[in-house]
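Protein chains in written order, with this note's numbering: chain A, 285 to 594; chain U, 151 to 444; chain S, 41 to 484.
For glycine and all other residues, C-beta sits at the position ideal for the given N, C-alpha and C.
One structure is given below, encoded as structure tokens.
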């Protein structure tokens, strides 16, 4: 039996797929008509320009001085090339706060997504592979949790944390990031299909403990689901704005999103911050872009190549 | 099966965190939403007390013109933006999968790229293209005599929609592509033997089979729309059209952290959560009903 | 049955834990710091923390730190008020871990006091120091008899204008009355330019106009508020601007000192800004504007005041402060001592000086950018002296400003004129104040 590890919890498992030679499903006759190819490619190229324009703009304008930023055409270079000077300013402004923000983002997203994935996969596996009282209740509760907007809980969470003195600390952003109800769903659907009961039984007969069973036998089978959950949680935390905005007061604890917003907010009064914001945006987009392009392979893997032996 | 404790041990870290960061805060929010404060003195310096308010906060929230307007704005936004985005994602997915284009890998990566850019940074990037004086688009259009103001009160909602569409179209496209790839090749074969053209293949095979994915994409986009916060909040300082109560979430945030009305903020947050819940349930219901009818 | 018993007891246990958790974190009630006894000054050396969005404020603090060794001041930069700074301060205070001092705009001081976030300075003997401050500054930090913040800078309104174009090219002059303003704006428009631009959603301008005209929108009386936004002083302002907006004599696409404004001002398309004195530093960044611009008084009514207040901040002592007495001592130095004022001007570029008789050393000389004019002494000093001292900020200015801004937006689009907006806003504000648990009524 096979399934897809789609990010959608209730998505129907795909029946079976017959890969075409080039990996695309519809390599049909239309593909051989050169006129159609040109038209379709042209349409796709125009759309690509739309998706690339903001990134292009920031690359071009990160090379300019503040004067040239306003004085020259934004679609082309002009007014001298001072990219490295600008980026140097970004990295050293405010006593090197930008690298600190980048590091914070990595800590929140990296640590948060790793732990969240582990917890979600363990719980999802337990839900899929054990029968116990309260299973339905847990499912229902977590489903409710998926549907409640994160912003609705952030406010009371702030008061909860502030009553125990946790606000304005790494924990205040990290702890809520450790929960991935969606990850639980995905891994329980996946575990259902990918971890055969017989294998677990065999392990039990060999005297492997229940917890070790999960770590040694189930986890390796769940790798595609783990990768998908990890990526989603990583991007989710990386993109989060509301939670750190509510929780953090100290600039040194900010993730990159909040930090850059902080700089942008100052452009109103101090125009020199425009250049810092543009440079900072470039520095935060480029690594992400590379990461996305590299990881897209895995992403697709997680999304589509979910078929496992069973 | 074997052990009664093992599943609970495996679930323990998740459940503890889930209770602490989701369940308890929700209960707290509901609790707050039934309280209000009373003050004596010009600024409450002679005493403040928290009192039970019944449904007062809910009544006030639901009769608050700004809050209602913010919900209406999100519905309008959702209907237009989600539709445009899903249609665009579907068309792009079909085009990429049609094998009629060159360099599909490049295009797929390009479209997906914005998903990795946080909403905050995407908004900053686009704001550069919106601000008159900075934006080459505004400049260029100005030269040919078209005066656009992307940040004008009536326009800015669609400028936000553009940012959201830019960010998530590629992502939704990827999900649809995954579904398309899962369509068995025999179906195409059969269609070709029947002499079906490209459009019939799209209409009779591809669209029906990706419908479940589309439905869920739509539900999640609706929830996302209700939660809209970062994009309008960032553009607020640049656009006269965006008030501090522009979206339901901004309103709840403003009441909690700017207006000192925790009870009202909580009531609004509960209303947002319930609406998301109801909308999702309705959408799911419709989709199941449609599946059954087929 | 055993399992059921266990389950029920587990449920009961969870329920009890939840109830306890709820009780522990009821909505944060503002501390009763202003009812408790005051915190006496410390014997030993103390460190004071100070959050503000002024740039390089630490350099100002360092001047003070070097001048004595008992009090050490450490500053932290936060985003400007509504851009996130206020949320930070309020959340830190409700978490019990705020700094000793925070920057709060003068108009937001009562809001912070209402939130229980501020120390009533009058309880720390601050009333004795008031004579060292500019009355126009101190009146804005006061509610009834109590002072809630130390004014740090103010923004008396003046007219900043491109003299070379307005006078040289167009043969006009800076309007000295509002009637002249109307004529001048019309003449500038005929020349294909714009006199001033307004961001209609920014409520701060209408408030400054009303203040100058002599209105007192929010008046403390006893332990209640009288809200009066429809007196003659307010209504003449509304009528005047309804006329201006109807004839489209000012630009309404973007506010002054915004990115598009700089571009237009640099092109000699927009010729002036009628705004707080702090505009000077911003206008000095207009590309190619040096030597061309000048400063004139705010246009006036026949009666009424010389000028209104536009912006300005206080340094408020927060209710979580551990050393309020020392904080106040430092703030008194910073905001009245010439050394403090000069440091704030030099490093942080503050607006108008809050001290009674000292405007700052570098502000006593002619400015090259502003046509060699000694504008601070010649223009801004009388503007600062001609303020409406009756004015009191209400504890909901953020929302009031937003409503005024919405009202302006609707007036610009022609939906609702300002003369109808004011009574509607007055009614709504009274309702909100009552909803906040305050005693408020509309003026009869």
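**Study point:** Span of the beta strand (DSSP E) around residue 202/S
**Key:** 190 to 202
**Study point:** Three-way DSSP call (helix, strand, coil) for residue 357/A in this model
**Key:** coil
Point to revise | Residues from the region 445 to 478 of chain A in contact with chain S, defined by Cβ distance under 9 Å | key: When C-beta distances to chain S are compared with 9 Å, the residues of the region 445 to 478 of chain A below that value are 445, 446, 447, 448, 449, 450, 451, 452, in chain order.
Review point. Quick check: the region 160 to 173 of chain S against the region 184 to 194 of chain S, are there 3 or more CB pairs under 8 Å?
Key: yes
Point to revise | Sequence-distant residues of its chain with Cβ nearer than 7 Å to residue 579/A (five each side left out) | key: 515
**Study point:** Under 7 Å by beta carbon: chain U residues contacting residue 545/A
**Key:** 270, 384
Review point. Taking 9 Å as the CB-CB cut-off, is residue 396/U touching chain A?
Key: no
Exercise for review: Determine whether the Cβ of residue 481/S lies closer than 9 Å to any Cβ atom of chain U.
Suggested key: no
Check your understanding: DSSP three-state call for residue 377/U: helix, strand or coil?
Key -> In the three-state reduction of the DSSP assignment, residue 377/U falls in the coil class.
Point to revise | Alpha carbon of residue 455/S to alpha carbon of residue 369/U, nearest angstrom | key: 37 Å
Practice item. Answer yes or no: does any C-beta atom of chain A fall closer than 9 Å to that of residue 120/S? Key: yes
Check your understanding: Of all the CB atoms in chain S, is at least one closer than 9 Å to the CB of residue 436/A?
Key -> no
Review point. Span of the alpha helix (DSSP H) holding residue 303/U?
Key: Unbroken run through residue 303/U: none, as it is neither H nor E.
Exercise for review: Report yes if the C-beta distance between residue 258/U and residue 324/U is below 9 Å; otherwise report no.
Suggested key: yes
Practice item. Consider the Cβ of residue 384/S: report whether some Cβ of chain U lies at a distance smaller than 9 Å. Key: no
Check your understanding: Once you ignore the five residues that flank residue 101/S on each side, which residues in its own chain have a CB closer than 6 Å to its CB?
Key -> 113, 115
Review point. Where does residue 419/A sit, in a helix, a strand or coil, going by DSSP?
Key: helix
Check your understanding: According to DSSP, what are the bridge partners of residue 115/S?
Key -> 90/S
Exercise for review: Please report how far the alpha carbon of residue 493/A lies from the alpha carbon of residue 500/A, in whole angstroms.
Suggested key: 10 Å
Check your understanding: Is residue 306/A helix, strand or coil by DSSP?
Key -> Because residue 306/A carries a pLDDT of 42, less than 50, the predicted location of this residue cannot be relied on, and the following value inherits that uncertainty. Coil at residue 306/A, not helix or strand.
Check your understanding: Of the choices 436/A, 352/A, 537/A, whose alpha-carbon is the least far from that of residue 374/U?
Key -> 436/A
Practice item. Could you please tell me which residues of the region 157 to 170 of chain U, in chain order, have their CB closer than 8 Å to any CB of chain A? Key: 157, 158, 159, 160, 161, 163, 164, 165, 167, 168, 170
Review point. Which residues of chain S have a Cβ atom closer than 9 Å to the Cβ of residue 354/A, listed in chain order?
Key: 299, 302, 303, 306, 327
Check your understanding: Taking one C-beta from the region 462 to 469 of chain A and one from the region 502 to 516 of chain A each time, how about it: are there three or more such pairs within less than 8 Å?
Key -> yes
Check your understanding: What separation, rounded to the nearest whole angstrom, lies between the Cα atoms of residue 286/S and residue 322/A?
Key -> 54 Å
Point to revise | Sequence-distant residues of the same chain with beta carbon closer than 6 Å to residue 441/S, five excluded per side | key: Leaving aside the five residues that flank residue 441/S on each side, the residues in its chain whose CB is nearer than 6 Å to its CB run, in chain order, 243.
Review point. Is there a Cβ from chain A that is less than 9 Å from the Cβ of residue 124/S?
Key: yes
Exercise for review: For residue 431/S, name the three-state secondary structure that DSSP assigns.
Suggested key: coil
Check your understanding: For the 8 Å Cβ check, are there 3 or more pairs between the region 415 to 427 of chain A and the region 155 to 165 of chain U?
Key -> yes
Point to revise | For residue 314/S, the first and last residue of its enclosing beta strand (DSSP E) | key: 312 to 316
Review point. Listed in chain order, which residues of the region 407 to 436 of chain U have Cβ atoms closer than 9 Å to some Cβ of chain S?
Key: 407, 408, 409, 410, 411, 412, 413, 414, 416
Point to revise | Start and end residues, beta strand (DSSP E) containing residue 484/S | key: Unbroken run through residue 484/S: none, as it is neither H nor E.
Check your understanding: For the ligand MN, is there a heavy atom less than 8 Å away from the beta-carbon of residue 308/U?
Key -> In the structure shown, the ligand MN is absent, as is every other ligand, since no ligand is present at all.
Check your understanding: Whole-angstrom Cβ separation of residue 204/S and residue 213/S, contact assumed at under 8 Å?
Key -> The pair is not a contact, with the Cβ atoms about 13 Å apart (cut-off 8 Å).
Check your understanding: According to DSSP, is residue 198/U helix, strand or coil?
Key -> strand
Check your understanding: residue 434/U and residue 422/A: beta carbons closer than 9 Å?
Key -> Cβ atoms of residue 434/U and residue 422/A: not closer than 9 Å.
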